[in-house]
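In the numbering used here, the protein residues as written are 36 to 643.
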């Protein structure tokens, strides 16, 4: 084993995979330290990737040269584009994945990357010299020096598992907790907090009466996450059922033994992915809650009961499940449980995901207070990328809110006070019509290429597509036809495409066969882009104008040395939040909860 690596990554979850892969492929000697190599990439909760807003993030990870999209395509067994009944800004790809194949392909991928070493162990100490990370020491005594350290420890920091009145130490069922890392980093001035998440029971597929379920059909022509994947296929069927009044009564009978209600769990859980007992308690007027039955793989009998996350006593879980239509004879393979763990409030981070407290120390994933594989992977990719670039003397890659959902995610983490697990939604993105899943590579591939993570051929293909789209739009706007608008003037093909009933094939009869436009319109990907651009042209132009205003205020930089105590007129809460977060721009300051509009006006005048 080497005694020095440029970059050390702690943790083999989705953040750790992306961080280690990015740092190594950029050219830094990298090691990933994990408790068990065979657990790398394990899908701790639902074996699914993507979903509303999360699917956009996976597409962005792929566009930047990350791993998650390809791993999801390789292990996917059920694919569906969500939100198709709405506009294209809401379309979100999702896959159900084989829980054994995903980690298999993840481990295989990491083992083939040069510059990357996988090490089994637990970090017992972190060395810091002159305010910068210098080394880690494993519990077996081995000391490894480094220049950058990326902490991606997920739910394993001082973690506790809860089922009913029983508690145990562990970061995942059957796996140990990392007990010392939080305390070590607190010693260096890093603040910590406590959060909670949970998972539902798994049941045997043969104990389900599938005839009583509603099929949840996958797409007839599923679309892969990665532009490097030729095609994917649906191999399994998912199903739906619902809870009943009897289910809710049984769950309520166990509330006095729930670790969540009795106060044994002090960490805050995810508001938008609550446990079933929390849903029954908070929405007492609802007679039923939807349950998705999702097979966990091709070679397993295990079925994930999506929507039934719980930490109630085992006998309550079993009795409640058996009141759900189709689950009357349910055989539980593993009971649901909650996990409580330490995290590092993300206001302590710069937009590069480097700590404001210790130079060279980066954080990514659930340790920053997020929930979800996709949010973790996105952070890991940027943290690994920036950890490597810092060593190489290059500027950090920072995506803003108008460029990517990943930019929204990181800006929210850095600017907001996270008191519950953060989950991405389309509503969090002000410019979501521009940040669609279908144009992620057009938006971001050049950034991935410049960082050294996207192959030249792919970057050239995306650039060629972009130029072709621009050429096609220009030709469509110039080519006019005899159909008239309300003023009696001939209309352009671009104007025709704006009509709800018009598609590209509708206007083909108007296009001369020898025209360059005719050839361009044979490209399905190009046609998709111009149809969306034409249909939503007015809204897109409005958002582009909003982006220009946004960039203007973002360019109003705030000095790092600014003394907020010296600014007369700031509210007490505003001053406290500005000191804590130390925003880099007036734009970021305006997004901090507790900083009022009058605070921003005063701050703007002070800076001028």
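Note that the Cβ used here is the ideal one computed from N, Cα and C, for glycine as well.
- Residue nearest to residue 48 within the set 142, 417 and 515 is 142 (criterion: CA-CA distance).
- C-alpha of residue 340 to C-alpha of residue 73: approximately 25 Å in a straight line.
- In this structure, the beta-carbon distance from residue 423 to residue 61 falls below 7 Å.
- Considered as a whole, the segment 516-599 harbours 528-532, 539-542, 551-555, 559-570 and 572-589 as its complete alpha helix (DSSP H) runs of no fewer than 4 residues, in chain order.
- With respect to residue 413, residue 441 sits close: the two C-beta atoms are nearer than 7 Å.
- Here the C-alpha atom of residue 242 lies approximately 58 Å from the C-alpha atom of residue 584.
- Partner residues in a beta bridge of residue 87, as assigned by DSSP, do not exist.
- Residue burial annotation: residue 245 is exposed, with fewer than 16 other C-beta atoms found within 10 angstroms of its C-beta.
- For residue 233 and residue 258, the gap between their C-alpha atoms comes out near 30 Å.
- Within the DSSP secondary-structure output, residue 234 pairs in a beta bridge with 372.
- If you check the CB distance, residue 269 and residue 289 do not come in under 7 Å.
- No residue range can be given for residue 102, since it is assigned to no alpha helix (DSSP H) and is classified by DSSP as neither H nor E.
- Closest by C-alpha distance to residue 133, out of 632, 509, 175 and 332, is 332.
- Straight through space, the alpha carbons of residue 182 and residue 420 are spaced by roughly 14 Å.
- Classified as exposed, residue 322 has fewer than 16 neighbouring CB atoms from the shown chains inside 10 Å of its CB.
- Cβ neighbours of residue 228 within its own chain (closer than 6 Å, five residues either side excluded): 378 and 380.
- Spanning the alpha carbons of residue 94 and residue 541 requires a straight line of approximately 30 Å.
- Across the set 458, 105 and 438, the C-alpha of 105 shows the shortest separation from the C-alpha of residue 265.
- A contact between stretches requires three or more CB pairs, one per stretch, nearer than 8 Å, and the segment 200-217 meets this requirement with the segment 149-168.
- With a cutoff of 7 Å on beta-carbon distance, residue 365 and residue 238 are scored as near each other.
- In this structure, the alpha-carbon of residue 484 lies about 11 Å from that of residue 497.
- In this structure, the CA atom of residue 328 is about 10 Å from the CA atom of residue 249.
- Rounded to the nearest whole angstrom, the C-alpha separation of residue 511 and residue 454 is 50 Å.
- Residue 152 is a Cβ neighbour of residue 66, given a cutoff of 7 Å.
- Straight through space, the alpha carbons of residue 528 and residue 515 are spaced by roughly 6 Å.
- The beta-carbon distance between residue 620 and residue 638, rounded to whole angstroms, is 11 Å. This is too long to meet the 8 Å contact definition.
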